[in-house]
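First the structure, in the form of structure tokens, and then the observations on it.
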Amino acid sequence: MRAAAAATMLLLLLCVVRPDCGSCDHRDGNDVSGNLGDDDNVIGNDTTAVKRGRKPPHIIFILIDDQGFNDIGYHNPSIKTPVLDKLAAEGVRLENYYVQPICTPSRSQLLTGRYQIHTGLQHSIIRPSQPSCLPHHMDTLPQRLRQAGYATHMVGKWHLGFYTKACLPTRKGFDSFFGTLTGSVDYYSYGSCDGPGVCGYDLHANESVAWGHEGKYSTTLFTQRARKILQSHDPVGQPIFLLLSLQAVHTPLQPPKSYIYPYRHMADVARRKFAAAVSTVDEAVRNITYALRKEGFYRNSVIVYSTDNGAQPFTGGSNWPLRGRKGTYWEGGVRGVAFVHSPLLRRRRRVSKALVHITDWFPTLVALAGGNVSQSQGLDGFDVWATISEGKESPRHEILHNIDPLHKAPVPAHTGDSLLNKPKKKKKKKKKKKKLLKQLPKQKSAFKLSKGTNKSYPGLKARPKARRGHLVPSVARTSFPRAKASKSKARRTASPEHNLSWTRTKPQWRLKSKRSLSRSSLQNASRTDSADEPELPVWDTSVQAAIRVGDWKLLTGDPGHGEWVPPQILPTLVGRWWNLERAFPSLHRRKDAEAPKSVWLFNISADPYERHDLSGQRPDVVRLLLARLAHYNRTAVPVHFPPDDPRAHPDRHGGAWVPWIDQDQDSDQNRDRGEMDHKVQQKNKNKNKKKNKCRLCKLKAFFLKLNTGMMSSRI
Numbered sequence: 266m267r268a269a270a271a272a273t274m275l276l277l278l279l280c281v282v283r284p285d286c287g288s289c290d291h292r293d294g295n296d297v298s299g300n301l302g303d304d305d306n307v308i309g310n311d312t313t314a315v316k317r318g319r320k321p322p323h324i325i326f327i328l329i330d331d332q333g334f335n336d337i338g339y340h341n342p343s344i345k346t347p348v349l350d351k352l353a354a355e356g357v358r359l360e361n362y363y364v365q366p367i368c369t370p371s372r373s374q375l376l377t378g379r380y381q382i383h384t385g386l387q388h389s390i391i392r393p394s395q396p397s398c399l400p401h402h403m404d405t406l407p408q409r410l411r412q413a414g415y416a417t418h419m420v421g422k423w424h425l426g427f428y429t430k431a432c433l434p435t436r437k438g439f440d441s442f443f444g445t446l447t448g449s450v451d452y453y454s455y456g457s458c459d460g461p462g463v464c465g466y467d468l469h470a471n472e473s474v475a476w477g478h479e480g481k482y483s484t485t486l487f488t489q490r491a492r493k494i495l496q497s498h499d500p501v502g503q504p505i506f507l508l509l510s511l512q513a514v515h516t517p518l519q520p521p522k523s524y525i526y527p528y529r530h531m532a533d534v535a536r537r538k539f540a541a542a543v544s545t546v547d548e549a550v551r552n553i554t555y556a557l558r559k560e561g562f563y564r565n566s567v568i569v570y571s572t573d574n575g576a577q578p579f580t581g582g583s584n585w586p587l588r589g590r591k592g593t594y595w596e597g598g599v600r601g602v603a604f605v606h607s608p609l610l611r612r613r614r615r616v617s618k619a620l621v622h623i624t625d626w627f628p629t630l631v632a633l634a635g636g637n638v639s640q641s642q643g644l645d646g647f648d649v650w651a652t653i654s655e656g657k658e659s660p661r662h663e664i665l666h667n668i669d670p671l672h673k674a675p676v677p678a679h680t681g682d683s684l685l686n687k688p689k690k691k692k693k694k695k696k697k698k699k700k701l702l703k704q705l706p707k708q709k710s711a712f713k714l715s716k717g718t719n720k721s722y723p724g725l726k727a728r729p730k731a732r733r734g735h736l737v738p739s740v741a742r743t744s745f746p747r748a749k750a751s752k753s754k755a756r757r758t759a760s761p762e763h764n765l766s767w768t769r770t771k772p773q774w775r776l777k778s779k780r781s782l783s784r785s786s787l788q789n790a791s792r793t794d795s796a797d798e799p800e801l802p803v804w805d806t807s808v809q810a811a812i813r814v815g816d817w818k819l820l821t822g823d824p825g826h827g828e829w830v831p832p833q834i835l836p837t838l839v840g841r842w843w844n845l846e847r848a849f850p851s852l853h854r855r856k857d858a859e860a861p862k863s864v865w866l867f868n869i870s871a872d873p874y875e876r877h878d879l880s881g882q883r884p885d886v887v888r889l890l891l892a893r894l895a896h897y898n899r900t901a902v903p904v905h906f907p908p909d910d911p912r913a914h915p916d917r918h919g920g921a922w923v924p925w926i927d928q929d930q931d932s933d934q935n936r937d938r939g940e941m942d943h944k945v946q947q948k949n950k951n952k953n954k955k956k957n958k959c960r961l962c963k964l965k966a967f968f969l970k971l972n973t974g975m976m977s978s979r980i
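Residue numbers for the sequence shown follow the working numbering, so the first one is 266 and each next one is one higher.
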């Protein structure tokens, strides 16, 4: 008896020390009272279990729409978000986290792990009537998690296209879907408009229209559906991935009156309603967290909270003190609110300043789930779990915010002269050479650089193919002496769709030093006189583009309204949402006005509010970052932005937004688009490879060139 009692006591002690013990299921640590747990010992042991691959964690990703930097309690005490504040305080706050400035690009990068330039979604959002969606040949995050054994569910806003059934969430890796397909719907009637008179019902369950839910507030409805999914799932038998993509706090602002009352002291009506909508999100997260604890998910779960873009001050949001707003590439449009809360974190209760981008969630979550990241080719994201959980240095040092060739702004003459160094003499010589080359039969268009332009650019080494599809920076941090003129040929390598004029000579310019473009290299970049600086690669600075490398951020073209909007925002809405989310000139100029500025440079670490433009003081850094833009642009696929299709009108489909093109009809278009993207990618991979030519071919080309030169010179 004594031996049995001693064995029982020993077993109980082991269960206390090891909560993952199979005999201690009754001590699951779930607190159904709704209080947030605080057991550090459990955290360390559960992390070890995950590392051993025993139990893949449950992943709950909460995506909020249009929540700004100043729209959460731990940034702004006037916003009441006690649950979000507590979760963030007990987890890891991501204070150097970046998203895209509008809905569709952020969601596409979350689900694919690729930049917009690699999915064809560089320009604007996908509107309801556009026949566009995620590329069919590209894998998604839920597909990879499902291959790893996960049950995958999505609740809320999709906004990634639905013109054919192949674009629906259930065809992109989700086992179930309940939510809206378009960008903005009424919170109670679920009506969605794509302009005046083009309106329809938008609420779907899997692949069918979910009628009969009118009158229920969407945030509450989506939260209830998410809780039902958790209640019906066995947390022990199978891990779950739940994407809760709330419509809040996007317009229209329709929170229940009970949530508006605590903000009655706010004079601005739009701000008052916006803050109330944030409070509804806070309550939704509280209910989801409660369900995770009650149903036994919490102790082996990872909760990720993220916004999809910056706030729109015209509709009550605030990014203060960041510059810009939703739809712009200023920090207010791309720096997002985010945190990770999990019992599996090794280092909790801290603020992380590590650089993280929304594309990083794909490889991070797939690796955390035990999936095979290497099966996904061309990822632009990094696995940042060690950075988040253990506080290690982020593997990311560079972010391409975007290159949008369809969004161009006027280029000032002085910018082109000072940055691109294109004297008038070169234009005459280029025209002369082009006329001469037109006489050559069956020969590709090319031209020889003049002495003024035929200089090497030692700061760039083209590397179109990199491990895991990420483009590793390769620009030296040394000074840039003038290079000797070369007599080799040069070709324009960029397609017209990319709006890039980039000239390079053969052989390719390679670095004398193998140092890469990093934070230290840019900070220590030598300041040279203009006489000693080389010529820039020719980049069209009217193209809207933005890139972050280390501490430096470069913007070209029209980045959008760059104002600093304080909490006292505009009292009324300036227009309908479809006008606010579409591209339009940010500067309304007179015909006789000076052309707007098209190049900006900021040190984000020293100047996070972008108040001090350093493009004039640091042309060396501008030059390097323009080279990075050109490097990325050579890997871009053509923009896919088709015109509206009148067949999508809801009046033709019973008053609802539904897929309107059959898969058979769409197969030819998909095949053409896939072939085009494949050709572009193959061209990018092979354009730097030397072609083996036989001696006879070279002799023929030599004599053809010699004969043409003699004829043109009238010898």
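Just so you know, even glycine gets a beta-carbon here, dropped at the ideal spot from N, CA and C.
For residue i, the three-state DSSP class (helix, strand or coil)
| i | result |
| --- | --- |
| Gly592 | coil |
| Ser371 | helix |
| Tyr455 | coil |
| Arg537 | helix |
| Arg611 | coil |
| Val474 | strand |
| His383 | helix |
| Val864 | strand |
| Thr405 | coil |
| Asn565 | helix |
| Arg813 | strand |
| Asp669 | strand |
| Tyr555 | helix |
| Thr580 | helix |
| Ser571 | strand |
| Val550 | helix |
| Leu820 | strand |
CB contact below 9 Å: residue i versus chain B
| i | result |
| --- | --- |
| Gly502 | Absent here is chain B; the protein component of the structure consists of one chain. |
Close beta carbons around residue i, own chain, < 6 Å, minus the five adjacent residues each side
| i | result |
| --- | --- |
| Ile382 | Ile668 and Ala901 |
| Leu508 | Phe326 and Met419 |
| Ser641 | Asp404 |
| Leu665 | Tyr380, Ile812 and Tyr897 |
| Ala549 | Thr484 and Thr488 |
Buried versus exposed, by CB contacts within 10 Å (16 or more), residue i
| i | result |
| --- | --- |
| Trp476 | exposed |
| Ala353 | buried |
| Met274 | Residue confidence for Met274 is low, a pLDDT of 49 falling below 50, so the modelled location carries little weight and cannot support an answer. |
| Val501 | exposed |
| Glu875 | buried |
| Glu658 | exposed |
| His340 | buried |
| Lys493 | exposed |
| His606 | buried |
| Ser473 | exposed |
| Asp916 | exposed |
| Pro911 | exposed |
Own chain, CB closer than 7 Å to residue i, minus 5 neighbours either side, in chain order
| i | result |
| --- | --- |
| Thr447 | Pro393, His424, Ser457, Asp467 and Trp922 |
| Arg614 | Ala354 and Glu355 |
Nonlocal neighbours in the same chain, by C-beta distance under 8 Å from residue i, ignoring five residues either side
| i | result |
| --- | --- |
| Arg612 | Val357, Ser654, Glu655 and Gly656 |
| Pro347 | Gly338 and Asp547 |
| Ile324 | Leu410, Tyr415, Pro504, Ile505, Phe506, Leu507, Ser566, Val567, Val569, Leu630, Leu633 and Ala634 |
| Glu479 | Tyr453, Ser454 and Tyr455 |
| Arg588 | Trp595, Glu596, Gly597, Gly827, Glu828, Trp829, Tyr874, Glu875 and Arg876 |
Quiz item: Does the region 442 to 461 come close enough to the region 480 to 492 that 3 or more CB-CB pairs lie under 8 Å?
Solution: In short, these stretches touch, since the Cβ pair count reaches three.
Do the region 456 to 471 and the region 519 to 535 touch if we need at least three Cβ pairs shorter than 8 Å? These segments do not touch.
Quiz item: Is there contact between the region 587 to 595 and the region 618 to 626, where contact requires at least three CB pairs shorter than 8 Å?
Solution: With the cut-off at 8 Å, the region 587 to 595 and the region 618 to 626 do not touch.
Margin query: Can you confirm whether the region 627 to 641 touches the region 330 to 347 when touching is taken to mean that 3 or more C-beta pairs between the two stretches lie within less than 8 Å?
Written below: Contact between the region 330 to 347 and the region 627 to 641 is not established, with fewer than three Cβ pairs separated by less than 8 Å.
Count the C-beta pairs between the region 358 to 368 and the region 609 to 619 that are closer than 8 Å, then say yes if the count reaches three, no if not. With the cut-off at 8 Å, the region 358 to 368 and the region 609 to 619 touch.
- request: With a floor of 3 residues, list each beta strand (DSSP E) that falls wholly inside the region 479 to 529, ordered by position along the chain.
  value: List check, beta strand (DSSP E) in window: 505 to 510.
* Can you list, in chain order, the stretches of the beta strand (DSSP E) that have 3 or more residues and sit fully within the region 408 to 471? -> The qualifying runs are 416 to 422, 441 to 445, 456 to 458 and 464 to 466.
- For the 8 Å Cβ check, are there 3 or more pairs between the region 368 to 377 and the region 882 to 894? The region 368 to 377 and the region 882 to 894 do not touch, with fewer than 3 CB-CB distances between them shorter than 8 Å.
* Asked: Is the number of C-beta pairs between the region 817 to 826 and the region 859 to 870 that are closer than 8 Å three or more?
  -> Result yes; three or more Cβ-Cβ pairs closer than 8 Å.
Mind pulling the alpha helix (DSSP H) runs of 4 or more residues that sit fully within the region 882 to 935? Within the region 882 to 935, the complete alpha helix (DSSP H) runs of at least 4 residues are 884 to 898.
Q. What runs of the beta strand (DSSP E), each 3 residues or longer, lie entirely inside the region 327 to 362?
A. As for any beta strand (DSSP E) of minimum length 3 sitting wholly inside the region 327 to 362, the runs are 357 to 359, ordered along the chain.
Segments assigned beta strand (DSSP E), at least 3 residues, entirely inside the region 595 to 657 = The region 595 to 657 contains, as complete beta strand (DSSP E) runs of 3+ residues, the segments 603 to 606 and 615 to 617 (chain order).
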